[in-house]
Every structure is written in structure tokens, then in C-alpha cells.
Amino acid sequence: MTNTIEELVVTAEKLGCRISTLVKEQEAKSKGCTEEELFLKMKSYLEVMKQAANKGVQSEIRSISGITGGEGKKLWGARSKALSGEIIAKAAARAMAVSNVNASMGRIVAAPTAGSCGIVPGAVLTVGEILLKTDDEVVDSLFTAAAVGRIIALNATLAGAEGGCQAECGAASAMAAAAIVELAGGSPRQTSHAVAIALKAVMGLVCDPVAGLVEVPCVKRNAMGAAEAILAADLALAGIESVIPADEVISAMKEVGRMMSDKLKETAMGGVAATPTGKKLSEKIRNF
Amino acid sequence: MDIFDIIGPVMIGPSSSHTAGAVRLGNLARKILGEEPKKAKIILFNSFARTGRGHGTDKAVIAGLLGFTPDEERIKTAFEEARRRGLAYQLFTGEIDESLHPNTVTFELEGTSKKTQVTGCSIGGGRVKVTAIDGFDVEFSGGYPTIITVHKDRPGIVASVTAHLAHEGINIAQMRVSRKKRGQEALMVIETDDKLPETIKEVLENIKDIHRVITFSE
Numbered sequence: 000m001t002n003t004i005e006e007l008v009v010t011a012e013k014l015g016c017r018i019s020t021l022v023k024e025q026e027a028k029s030k031g032c033t034e035e036e037l038f039l040k041m042k043s044y045l046e047v048m049k050q051a052a053n054k055g056v057q058s059e060i061r062s063i064s065g066i067t068g069g070e071g072k073k074l075w076g077a078r079s080k081a082l083s084g085e086i087i088a089k090a091a092a093r094a095m096a097v098s099n100v101n102a103s104m105g106r107i108v109a110a111p112t113a114g115s116c117g118i119v120p121g122a123v124l125t126v127g128e129i130l131l132k133t134d135d136e137v138v139d140s141l142f143t144a145a146a147v148g149r150i151i152a153l154n155a156t157l158a159g160a161e162g163g164c165q166a167e168c169g170a171a172s173a174m175a176a177a178a179i180v181e182l183a184g185g186s187p188r189q190t191s192h193a194v195a196i197a198l199k200a201v202m203g204l205v206c207d208p209v210a211g212l213v214e215v216p217c218v219k220r221n222a223m224g225a226a227e228a229i230l231a232a233d234l235a236l237a238g239i240e241s242v243i244p245a246d247e248v249i250s251a252m253k254e255v256g257r258m259m260s261d262k263l264k265e266t267a268m269g270g271v272a273a274t275p276t277g278k279k280l281s282e283k284i285r286n287f
Numbered sequence: 000m001d002i003f004d005i006i007g008p009v010m011i012g013p014s015s016s017h018t019a020g021a022v023r024l025g026n027l028a029r030k031i032l033g034e035e036p037k038k039a040k041i042i043l044f045n046s047f048a049r050t051g052r053g054h055g056t057d058k059a060v061i062a063g064l065l066g067f068t069p070d071e072e073r074i075k076t077a078f079e080e081a082r083r084r085g086l087a088y089q090l091f092t093g094e095i096d097e098s099l100h101p102n103t104v105t106f107e108l109e110g111t112s113k114k115t116q117v118t119g120c121s122i123g124g125g126r127v128k129v130t131a132i133d134g135f136d137v138e139f140s141g142g143y144p145t146i147i148t149v150h151k152d153r154p155g156i157v158a159s160v161t162a163h164l165a166h167e168g169i170n171i172a173q174m175r176v177s178r179k180k181r182g183q184e185a186l187m188v189i190e191t192d193d194k195l196p197e198t199i200k201e202v203l204e205n206i207k208d209i210h211r212v213i214t215f216s217e
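Here the protein sequences line up with chains E and B, keeping their order.
So the first sequence is numbered by numbering that gives the first Met the number 0: it starts at 0 and just counts up by one.
So the second sequence is numbered by numbering that gives the first Met the number 0: it starts at 0 and just counts up by one.
Given below as C-alpha cells:
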């Protein structure tokens, strides 16, 4: 098992293989199962991701509290006119669609958490579609994403309560960026640059859910996270390097999370949760 | 750390601790009762009560009592399912209690022939912990094959149970004994690495001074 991004990249370079190939091999060995078994499980997760994304772009899904809903469908409907381009609009729409399904008590895959569950499917499904990749290739790229997420979990955290939103949506964005670089045929080294670029963009992002619910600002942050993942991958694929290595960025993220006030870590006491509108909504929801 | 803990699990949203964890706690309470619950009084504490309702915690605990798994879409309609299956439930909000974990729930359950009271908490990422059964302090996750005995507090009971496990080649991962008062009733929780044979419940029930045995696997 690899404990740093550097180790992951160097090992894949040495073997001349993709990161996902390495991850599947290591994982099968450590679990004592076949790579095929791992692959099929991940493939079933991809199916759940697709179902959630489709459901949320096709119909207006409202949350239990009623404060969010239908965002995925709305942007999907406007995708052809999107100034940011159809790829970004589709990815962001799917990300919000999955988030909508989550907030409505629908079935999703935590990636890495439920609050950030739209980013990886939104970005990865869309890039896979644009690049005409097979499902199997997309499944492979999810192993790369998961490996990156695991290294962030080991060396920092994936919990908003510990590290703020940078640990949830930030990590999801880095994971998605890594998967996209691999799907687009980038090198393992470029993958690490994409991870670093994605994480740096949201360094210090606070976790400030209104009424403590995974809705405001979470649904729209999933959209932004998916868009950011694609752009981070584009930068890396263009040969732009992160001056700060990915592992150092991850350590910095951990430290920033530690320095962050508890009010900004999922307690609904700071950020947009503490605004007059946030508080009013929270009061209303508590009494519903 | 499992790669499928990073991408995964498949779950019903919106929250791993407030929804998926709540289903798991309901599942455990059902297993501890050991039969179909007919009456349930559920008390949600702290964050489980405050934020939980918006995260479907109320539906999730009922779904758990009905035996649904955290990835089943019918969690959303747990109230209707409960009525259909004849489970009479009442949900209450407990007083804010700082000494309890933020996501704590107490179940008071009645089946056709059994009764139990179970308290547990959801500790993050869908993982849970049972903290009390019928007034005895316990601590276990339900992630292992589990044996619970209620027995008379006297020398030799623990030894006869563990001797039997040794005989069956079952390795104990964790165990804990607690009692309310010396010489009265005690409760023991054993979590094992190995699968439990079906006969084990009956064998342990036949040991003198063991009043009740509960066994379950994940």
C-alpha cells in the first residue's frame, strides 16, 4: 500500500503502468482477493453513480427539508447555452443532481463523503462521455481517485468536522482531477500535479452547512468542485506543474484544518450558516 | 484503510452519521431484541434530534428496526412500512445532555415475548457503537460476530463460556463483562473473529446460571 502521492507516482513510473493498475494490484494482494472482484465491486458503484446522476438531471428532486432541489435539472436544461461550455455545465449539473438525490434520501455512493458525493461522478462521468471512454476505463479511473482519497485520509482528513469543506469537497475535487488525468491519458506525474492544484484552490474552505444539513451551501459547492476538478486536470495535462508538491499540500491542508475554528467545521455556527438568512432557515427547519 | 471506504459505501443519503449510522443502530437494537419488534419508544438526543430530523434520522432508526440495510431506498418510506408491519412506534426528543455523544439514541423495544432497552451512538462515517443494554454499560460495534449473555454474577461463568468457544476454535477479538451489583445479574459481550456456529446459542443457554443468550453476525 502506498502512503504518499510521491510513492504512488514513482512506483507507477518505475513499473511503467497507470496508477489504477498499481492500485488494483496492491489492493487485491493486501485483501487476498482477485482484481476482478475489486473491479466488479467498483463497477457496481459506478452504476449507482450513473443512476443518481440521471435521476437528478431528469427530474426535479427536492430535499426533505425543502430548502434545496432541482438545481441539477435546471443547469442540465441550460447546458447548451452555458458560457463555461457544455462540458463544465454537464459535469456541474450531474454533480448537483447526485447531491439533490442525496438530500432527498436517495441512493448514492459516498465519494469520499455523502456531502461531497456529487463531485467525482459529475466530473468523471462527463469526461468519460466526452472522451468516448468505455465503462471499464471509467471504473479503472475510480481506483486512481480512491487511492488519492486514501492518501489524503491517511495524511490529513476527509471529515468536514475535522478539516472543514477542503477535506470533503476539496478532497473529492482532487480525487476527480486525478481520475480525469488518467482518463485523458496523462502521466502519473501529471496526476499528482492535478491533485495539488485542485487542493490548493480550496485550501481553507470552511464547512458551514445551514441548519447542519448537507444542502446549503453543499449542493452548489459540489457543482464548483466538479468544474474545478476538470480545470485542474486541464492545467496538469497542459504541462503546468504545481510548485508545491502534492504531499506537502496535503500536509498544509491538515494543518489549516487544525488551525480552523470549530465554528467553521460542520457545527453550523459560522460561515453562511451564521448569516441572518441562514439562521432564519435553520429556525424554520427545526420547527417543521 | 479499505479503498471502498473512500469511494463507498453505497448508502441512502443525506448523511453517513445521521442516516446510515442511524439505520445501523436500529438494526443492532432489533438483533439484540432477537425477534420482530411490535412496540418501540425511541428517544433521539442532541445532534441526532436537532439536525437529525432534516437528515431523516427518524425514518432511519425505524428502518433499522424493521431490518432494512443502509442502502435500501425504502428507508424513506419506513413510517408507512412500520404501520404495515404492525410496529407501533413513538419518537421523542431527549433533553440536551452534554455527557452523551452528540448522536445518541435510546430504543425501548417490545416483541411478542421479549423486551429490551438499547442505547447507542453514531460515531462518524456510518460507524456505530452500542453503549448500554438493559442498564448495563457495554461498548461494541456490531461489526464482528457477537455473543451477549445475561447471567448470574458468580465465579466460573465466563470460564465456561470461553472454554466452549476455545473448544469450537473460535477466537475472541474483544470481550467485556459488566454488572450492576456484586452477586446479582451480569452482562457479557464477546466479539469474535470467527463465524459462530448455529448451535452455539443453545449450548450456552444450557450452562447453569446463564439466563439469556443473544447471538448475531453482521
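Beta carbons: idealized from backbone N, C-alpha and C, even for Gly.
If you're wondering where the values come from, they're calculated on a predicted model, not measured in any experiment.
| message | Only counting the same chain, and skipping five residues up and downstream in sequence, which positions put a Cβ closer than 6 Å to that of SER98 (chain E)? | response | Residue 98 (chain E) sits at position 99 when you count from the first residue of the first sequence. Here the set comprises GLY117, VAL218, ASN221.
| request: Closer than 7 Å by beta-carbon distance: list the chain E residues that pair up with GLY85 (chain B), in chain order. | output: Looking up residue 85 (chain B) in the second sequence gives position 86. Chain E residues near GLY85 (chain B): none, gap ~24 Å exceeds 7 Å.
| request: Look at the alpha carbon of GLY270 (chain E) and the alpha carbon of ALA195 (chain E), and state the distance between them as a whole number of angstroms. | output: Counting from one through the first sequence, the residue named residue 270 (chain E) turns up at place 271. Counting from one through the first sequence, the residue named residue 195 (chain E) turns up at place 196. Rounded to the nearest angstrom, the two C-alpha atoms are 25 Å apart.
| Per-residue contacts from GLU26 (chain E) into chain B (C-beta, under 7 Å) | For the purposes of this step, residue 26 (chain E) is identified with residue 27 of the first sequence, where counting begins at 1. The answer, in chain order, is ILE2.
| said: Please classify LYS89 (chain E) as buried or exposed, where buried requires at least 16 other C-beta atoms within 10 Å of its C-beta. | reply: Residue numbering aside, residue 89 (chain E) sits at position 90 when the first sequence is read from its first letter. When all chains shown are included, LYS89 (chain E) counts as buried.
| request: With a 10 Å radius around its C-beta and 16 neighbouring C-beta atoms as the bar for buried, classify GLU167 (chain E) as buried or exposed. | output: Within the first sequence, residue 167 (chain E) is the residue found at index 168, counting from 1. It is buried - the Cβ of GLU167 (chain E) has at least 16 other Cβ atoms within 10 Å.
| said: I'd like to know whether the C-beta of THR112 (chain E) is nearer than 9 Å to at least one C-beta of chain B. | reply: The sequence position of residue 112 (chain E) within the first sequence is 113, counting from 1. Yes, contact with chain B.
| query | Relative to the alpha-carbon of SER177 (chain B), which residue among B:ASN170, B:GLY168, B:VAL188, B:GLU167 has its alpha-carbon at the smallest distance? | reply | Position 178 of the second sequence, counting from 1, holds the residue named residue 177 (chain B). For SER177 (chain B), the nearest C-alpha among the options comes from B:VAL188.
| said: Quick check: what's the CA-CA separation for GLU247 (chain E) versus THR190 (chain E)? | reply: Translated into the one-based positions of the first sequence, residue 247 (chain E) becomes position 248. Translated into the one-based positions of the first sequence, residue 190 (chain E) becomes position 191. If you take the alpha carbons of GLU247 (chain E) and THR190 (chain E), they lie about 15 Å apart.
| query | In chain B, what lies closer than 9 Å to LEU124 (chain E) by C-beta? | reply | Working through the first sequence from its first residue, we reach residue 124 (chain E) at position 125. Neighbours of LEU124 (chain E) on chain B: none; closest Cβ ~13 Å, over 9 Å.
| query | Leaving out five residues before and five after GLU85 (chain E) in sequence, what residues of the same chain have Cβ atoms less than 7 Å from its Cβ? | reply | Counting from 1 along the first sequence, the entry for residue 85 (chain E) is found at position 86. Hits under 7 Å: ARG78, SER79.
| message | Taking 6 Å as the limit between beta carbons, can you name the residues of its chain near ASN154 (chain E), skipping five residues before and five after? | response | The residue labelled residue 154 (chain E) in the question sits at position 155 within the first sequence. Contacts found: ILE249.
| Does the distance from the CB of ALA51 (chain E) to the CB of LEU74 (chain E) come in under 9 Å? | Translated into positions along the first sequence, residue 51 (chain E) becomes position 52. Translated into positions along the first sequence, residue 74 (chain E) becomes position 75. No; because the gap between Cβ atoms is not below 9 Å, this pair is not in contact.
| query | Which residues of chain E have a Cβ atom closer than 8 Å to the Cβ of ILE74 (chain B), listed in chain order? | reply | Taking the second sequence and counting its residues from 1, one reaches residue 74 (chain B) at position 75. Going along chain E in sequence order, the residues near ILE74 (chain B) (Cβ under 8 Å) are MET104.
| request: Anything in chain C within Cβ reach of ARG49 (chain B), meaning under 8 Å, just list it in chain order. | output: In the structure shown, chain C cannot be found, because the protein chains are E and B.
| query | Once you ignore the five residues that flank GLY119 (chain B) on each side, which residues in its own chain have a CB closer than 7 Å to its CB? | reply | As a working note, residue 119 (chain B) is residue 120 in the second sequence. Excluding residues within five positions, the ones whose Cβ falls inside 7 Å are LEU24, LEU27, VAL104, VAL127, LYS128, VAL129, THR130.
| query | Where does HIS150 (chain B) fall in DSSP's three states? | reply | If you number the second sequence from 1, residue 150 (chain B) lands on position 151. Note: HIS150 (chain B) maps to strand in three-state DSSP.
| field | Contacts of HIS54 (chain B) in chain E (Cβ-Cβ under 7 Å) | value | Position 55 of the second sequence, counting from 1, holds the residue named residue 54 (chain B). The contacting residues are LEU212.
| task | Can you tell me the Cβ-Cβ gap for MET10 (chain B) and ALA109 (chain E), rounded? I've got them flagged as a contact below 8 Å. | result | Working through the second sequence from its first residue, we reach residue 10 (chain B) at position 11. Working through the first sequence from its first residue, we reach residue 109 (chain E) at position 110. Sure, about 6 Å apart at Cβ, within 8 Å.
| Would a C-beta distance cut-off of 9 Å place MET48 (chain E) and ILE107 (chain E) closer than the cut-off? | Your numbering for residue 48 (chain E) matches position 49 in the first sequence. Your numbering for residue 107 (chain E) matches position 108 in the first sequence. Cβ distance < 9 Å, so MET48 (chain E) and ILE107 (chain E) count as in contact.
| query | Helix, strand or coil: how does DSSP classify ILE156 (chain B) here? | reply | Looking up residue 156 (chain B) in the second sequence gives position 157. Of the three classes helix, strand and coil, the one that applies to ILE156 (chain B) here is helix, per DSSP.
| said: What residue range does the alpha helix (DSSP H) around GLN183 (chain B) cover? | reply: Here the question's residue 183 (chain B) lines up with position 184 in the second sequence. From DSSP, GLN183 (chain B) is part of no alpha helix (DSSP H); its letter is neither H nor E.
| According to the Cβ coordinates, are ILE18 (chain E) and PRO187 (chain E) closer than 9 Å? | Within the first sequence, numbered from 1, the residue matching residue 18 (chain E) stands at position 19. Within the first sequence, numbered from 1, the residue matching residue 187 (chain E) stands at position 188. Yes, these two residues count as a Cβ contact at 9 Å.
| field | Within 9 Å, strictly: CB atoms of THR92 (chain B) and ILE42 (chain B) | value | The residue you call residue 92 (chain B) lines up with position 93 of the second sequence. The residue you call residue 42 (chain B) lines up with position 43 of the second sequence. Closer than 9 Å, so yes.
| field | contact_flag[the segment 223–242 of chain E, the segment 168–180 of chain E] where n(CB pairs < 8 Å) is 3 or more | value | yes
| query | Span of the beta strand (DSSP E) holding CYS263 (chain B)? | reply | Residue 263 (chain B) is absent from the model: chain B starts at 0 and stops at 217.
| query | Where are the alpha helix (DSSP H) runs, 4 residues long or more, that stay fully inside the segment 206–264 of chain E, in chain order? | reply | 217–236, 245–258
| said: Assuming VAL119 (chain E) is part of the beta strand (DSSP E), what are its boundary residues? | reply: Residue mapping note: residue 119 (chain E) aligns to position 120 of the first sequence, counting from 1. From DSSP, VAL119 (chain E) is part of no beta strand (DSSP E) but of the alpha helix (DSSP H) over 118–129.
| said: In whole angstroms, give me the CA-to-CA distance for HIS54 (chain B) and ILE209 (chain B). | reply: The residue given as residue 54 (chain B) occupies position 55 in the second sequence. The residue given as residue 209 (chain B) occupies position 210 in the second sequence. Roughly 41 Å between the two C-alpha positions.
| request: Excluding the 5 residues preceding and the 5 following ARG181 (chain B) in the sequence, name in chain order all residues of the same chain whose CB lies nearer than 7 Å to its CB. | output: Residue mapping note: residue 181 (chain B) aligns to position 182 of the second sequence, counting from 1. Around ARG181 (chain B): ASP152.
| field | Per-residue contacts from GLY20 (chain B) into chain E (C-beta, under 8 Å) | value | Translated into the one-based positions of the second sequence, residue 20 (chain B) becomes position 21. Residues of chain E passing the Cβ test: none, with the nearest at roughly 11 Å.
| query | Cα separation between VAL255 (chain E) and VAL137 (chain E)? | reply | Working through the first sequence from its first residue, we reach residue 255 (chain E) at position 256. Working through the first sequence from its first residue, we reach residue 137 (chain E) at position 138. So the alpha carbons of these two residues sit roughly 33 Å apart.
| query | Considering only residues of the same chain and omitting the five flanking positions on each side of ASP139 (chain E), which have a CB-CB separation below 6 Å? | reply | Indexing the first sequence from 1 puts residue 139 (chain E) at position 140. Same-chain partners within the cutoff: SER19.
| query | Are any of the Cβ atoms in chain E nearer than 9 Å to that of ASP193 (chain B)? | reply | Taking the first residue of the second sequence as 1, we reach residue 193 (chain B) at position 194. By this cut-off, ASP193 (chain B) is not an interface position.
| Okay, do the segment 183–198 of chain B and the segment 158–175 of chain B touch, 3+ Cβ pairs below 8 Å being the bar? | yes
| query | ALA197 (chain E): buried (16+ other C-beta within 10 angstroms of its C-beta) or exposed? | reply | Locating residue 197 (chain E) in the first sequence gives position 198, where the first residue counts as 1. That one is buried.
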